[in-house]
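Okay, so here's the structure we're looking at.
Residue numbers (the working numbering): 60 to 281.
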């Protein structure tokens, strides 16, 4: 099995009592997408088998600005199970070679014990890869919302209601993955009277929806 060297690393995730004993063996997954002219033009998500990771979303002309994140156990397990179903990308070809528009260069990378497997594609017909892409994109959407809220809360408070409405729309479509990552910034907005009342109300409503339990269509498609 191409992932045999990393069974222990994945075991660290499933057995918390073993965490830290073989830190050097921790497996990581990375997803990047590059599409000039889009917002963002470059995005990168990296997560290890413990759920610790980073997100970086920016224009190509900007310097890297990774932000730390902590995924839920369910999402972390789902990502690594999906990668395992794709043989951890070993000798994998995903490009469909169909005559489709430029959808951005996507890259999946699996790293463990000094080994690296990488696959790139613009568009793929592989259902398993599409599922993995959907989960990564759902996390990236959450991180982009966080970035927008953090910026608007400092420099564009009048834009907060619109930014929060876009989150409500994404929640309605159930396309977000791990929306609980937004809880800290939502609590800040909901509890601070310097923001418009409508922004506070919307932030509080989004918090309630997340905390009452939220299931993503992208997680259900696995």
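A virtual CB, placed ideally from N, CA and C, is assigned to each residue, including glycine. Because the structure is a prediction, the values reported are computed rather than measured.
Within the same chain, Cβ atoms closer than 7 angstroms to the Cβ of residue 245 are found at 262, 265, 266, the five residues on either side in sequence being excluded. Under the three-state reduction of DSSP output, residue 127 falls in the strand class. Each residue's CA atom was taken as its position, placing residue 247 and residue 213 some 11 angstroms apart. Nearest Cα to residue 127 within the set 106, 145, 146, 210: 106. In this structure, DSSP gives residue 190 a helical state, which the three-state scheme calls helix. Judged by DSSP in its simplified three-state form, residue 161 adopts coil rather than helix or strand. By the criterion of a C-beta distance shorter than 7 angstroms, residue 237 is surrounded in its chain by 130, 131, 134, 198, 201, once the five residues flanking it on both sides are discounted. Between residue 170 and residue 86 a beta carbon distance of about 7 angstroms is seen, short of the 8 angstroms cut, so the two are scored as contacting.
In the displayed model, residue 116 falls within a strand according to three-state DSSP. Counting the other Cβ atoms within 10 Å of the Cβ of residue 277 gives 16 or more, which makes it buried. Looking only at 91, 194, 253, the smallest Cα-Cα distance to residue 274 is reached by 194. Residue pairing of residue 170 in beta bridges, as defined by DSSP: 87, 175. Across the structure, residue 111 and residue 168 are spaced so that their CA atoms are roughly 16 angstroms apart.
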